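Report on the following structure.
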Amino acid sequence: MTRCTRCVLPDTTPKIKFDENGVCNYCHSYKKYQYKGEAALVQLLDAYRRPGSKYDCMVPISGGKDSTFTLLKMARDYGMRVLAVNYDNPYSDPLSTQNVEQAANLLNVDLIRVRLKRQGHEKSFKQLLNAWMRKPDPALIPVMCSACHLMWYHFIKIARKHDIRLLVSGNDPFEETDFKVKLVSDAVIDDVKQNFTKTIFGVIQRTARNLSYFHPRQLPMMIKGYLFGNHLAIGSRVYGRNIHKIELFSYLPWNEEEILSRISDELSWTSNAKYERTWRFDCKVTCVKDYMYMKSLGLTERDDLYAKLVREGIMKREQALQRLEKENKLYPETVQDVLTEAGMDADQFFKVFQKR
Ligand SMILES: [Zn+2]
Numbered sequence: 002m003t004r005c006t007r008c009v010l011p012d013t014t015p016k017i018k019f020d021e022n023g024v025c026n027y028c029h030s031y032k033k034y035q036y037k038g039e040a041a042l043v044q045l046l047d048a049y050r051r052p053g054s055k056y057d058c059m060v061p062i063s064g065g066k067d068s069t070f071t072l073l074k075m076a077r078d079y080g081m082r083v084l085a086v087n088y089d090n091p092y093s094d095p096l097s098t099q100n101v102e103q104a105a106n107l108l109n110v111d112l113i114r115v116r117l118k119r120q121g122h123e124k125s126f127k128q129l130l131n132a133w134m135r136k137p138d139p140a141l142i143p144v145m146c147s148a149c150h151l152m153w154y155h156f157i158k159i160a161r162k163h164d165i166r167l168l169v170s171g172n173d174p175f176e177e178t179d180f181k182v183k184l185v186s187d188a189v190i191d192d193v194k195q196n197f198t199k200t201i202f203g204v205i206q207r208t209a210r211n212l213s214y215f216h217p218r219q220l221p222m223m224i225k226g227y228l229f230g231n232h233l234a235i236g237s238r239v240y241g242r243n244i245h246k247i248e249l250f251s252y253l254p255w256n257e258e259e260i261l262s263r264i265s266d267e268l269s270w271t272s273n274a275k276y277e278r279t280w281r282f283d284c285k286v287t288c289v290k291d292y293m294y295m296k297s298l299g300l301t302e303r304d305d306l307y308a309k310l311v312r313e314g315i316m317k318r319e320q321a322l323q324r325l326e327k328e329n330k331l332y333p334e335t336v337q338d339v340l341t342e343a344g345m346d347a348d349q350f351f352k353v354f355q356k357r
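Numbered according to our numbering, the sequence shown spans residues 2 to 357.
Structure follows, in structure tokens:
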């Protein structure tokens, strides 16, 4: 496998092209991220301190490192009165659930956990992954996670109920995977909102080619999942129009060392030692996704993330290569566990990739 000589993207990345120096087209079109800065963040937070209300802001927390750090920053560093919300995903790693509860306790913030009723999440995951297996398309891998997107609907509903006007998320700007946009369209635009909309429309067009996706029970959930894909999606913007949504890491640089040391020292945060990585360890479905991307495209979302961190100068290329070597390891036994928990036939899943 050849990788870009500037970032680390492999030659199996969708629509990748290299120039005579081995530098990829993703590198050529990349624009460095402009942070808004801490002064702007402090000014904005001050404007949302509301002495008459119980909470100043809401922070969604998954138990992963970025969202835990966001909660820590808001509650401890900036003294915001926070309502923490957690989507109780049935495939959460038990340690991430422990991280959520511990962080809320130690920071003395209220926590509301949301779970879909009647095993809605499990049923949706099973049906959507089965549909994918009938006609595998790498562009549609994320569709199996539609149920998770509904959390944004629930979080906004809770924010409205408690009259909260500010939502601070721990999404980092480098997590928007460029190769996923490339799978459905030729353009990669700087604007996150535009990329998101383009990806969604591409995904809708492609799901239309596989009728197994359109199960009558799943359709309403899928549509809601599209509308509330994240906090910036159209549904979230309209339903949560009075709620200002910001991302901590569009103001402050994402510094992994600082994040990990502070959350482990101050909140006893831990990740699962079984996996030699911390990014997205909080959901076991990450192992399923990694397996699907690796077997279909020869890369994972981590290649895309680390390529961006290298271009940003946050990570050295050598370090990224070493980490990918170690962290892109597949965990078929976790895949098997998740599928068994979802009531699926794991052998049938693995067979899909043997044929390819
Ligand atoms: Zn590159």
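Beta carbons are placed, not taken as given, at the ideal position from N, Cα and C, and that holds for glycine.
What you are looking at is a predicted structure, and each value in this text was computed from that prediction instead of being measured.
When DSSP states are grouped into helix, strand and coil, L112 belongs to the strand group. Under the 10 Å beta carbon count, F175 is surrounded by 16 or more other beta carbons and is classified as buried. Taking one beta carbon from each stretch, the segment 96 to 114 and the segment 309 to 328 have fewer than 3 pairs nearer than 8 Å; the two do not touch. Distance from the Cα of V144 is smallest, within the candidate group A132, T69 and K66, for A132. In chain order, K327, E328 and K330 place their CB closer than 8 Å to the CB of E277, counting only its own chain and leaving out the 5 sequence neighbours on each side. Across the set Q128, S269 and G226, the C-alpha of Q128 shows the shortest separation from the C-alpha of G344.
In this structure, the CA atom of Y332 is about 46 Å from the CA atom of S54. For Y27, the CB falls within less than 8 Å of some heavy atom of ligand 1.
By the criterion of a C-beta distance shorter than 7 Å, T301 is surrounded in its chain by D291, Y294, M295 and N329, once the five residues flanking it on both sides are discounted.
Apart from sequence neighbours up to five positions away, the residues of its chain that approach R82 with a beta-carbon distance below 6 Å are Y56 and D57, ordered along the chain. For G299 against T13, the beta-carbon gap comes to about 4 Å, under 8 Å, which counts as contact.
A132 carries a helical assignment under DSSP once its states are collapsed to helix, strand and coil. With respect to the 9 Å criterion, R77 and D138 are not classified as neighbours on the basis of their beta carbons. H29 and T6 have their C-alpha atoms some 12 Å from each other. Relative to the Cα of F202, the nearest Cα in the group I260, V43 and L141 belongs to L141. Setting aside the 5 residues that flank it on each side, Y88 is surrounded in the same chain by V115 and M152, each with a C-beta closer than 6 Å to its C-beta; the list follows chain order. Put simply, of M2, Y31 and K18 the residue whose alpha carbon is nearest the alpha carbon of K309 is Y31. Contact between the segment 157 to 171 and the segment 208 to 216 is absent, with fewer than three C-beta pairs closer than 8 Å. For C28, there is no enclosing beta strand (DSSP E); the residue is found in the alpha helix (DSSP H) stretching over N26 to H29. For V43 and P95, the gap between their C-alpha atoms comes out near 34 Å. Scanning the segment 227 to 268 for uninterrupted alpha helix (DSSP H) segments of 4 residues or longer gives 235 to 240 and 257 to 268, listed from N- to C-terminal end. For the 9 Å CB-CB criterion, V24 and I62 do not form a contact. For the pair E39 and P91, the CB atoms are not nearer than the 9 Å cut-off. At a Cβ-Cβ threshold of 9 Å, G65 and D283 count as neighbours. A distance of 9 Å or more separates the beta carbons of L261 and K74. When the alpha-carbon of C288 is set against those of L322, M2 and D338, the nearest one is in D338. Linking D111 to W270 through their CA atoms gives a straight-line distance of about 18 Å. Of the residues assessed, D179 falls on the buried side of the cut-off, its CB having 16 or more other CB atoms within 10 angstroms. Under a 10 Å Cβ-count criterion, K158 is classified as exposed, with fewer than 16 other Cβ atoms of the shown protein chains found around its own Cβ. For S297 and L108, the gap between their C-alpha atoms comes out near 42 Å. In this chain, S272 is not harboured by any beta strand (DSSP E), its DSSP state being neither H nor E. Shown here for S68: same chain residues with a beta carbon closer than 8 Å to its own, the five before and five after excluded, namely V60, P61, I62, S170 and G171 in chain order.
Nearest in C-alpha terms to F126, of all of R218, K162, E267 and A321, is R218.
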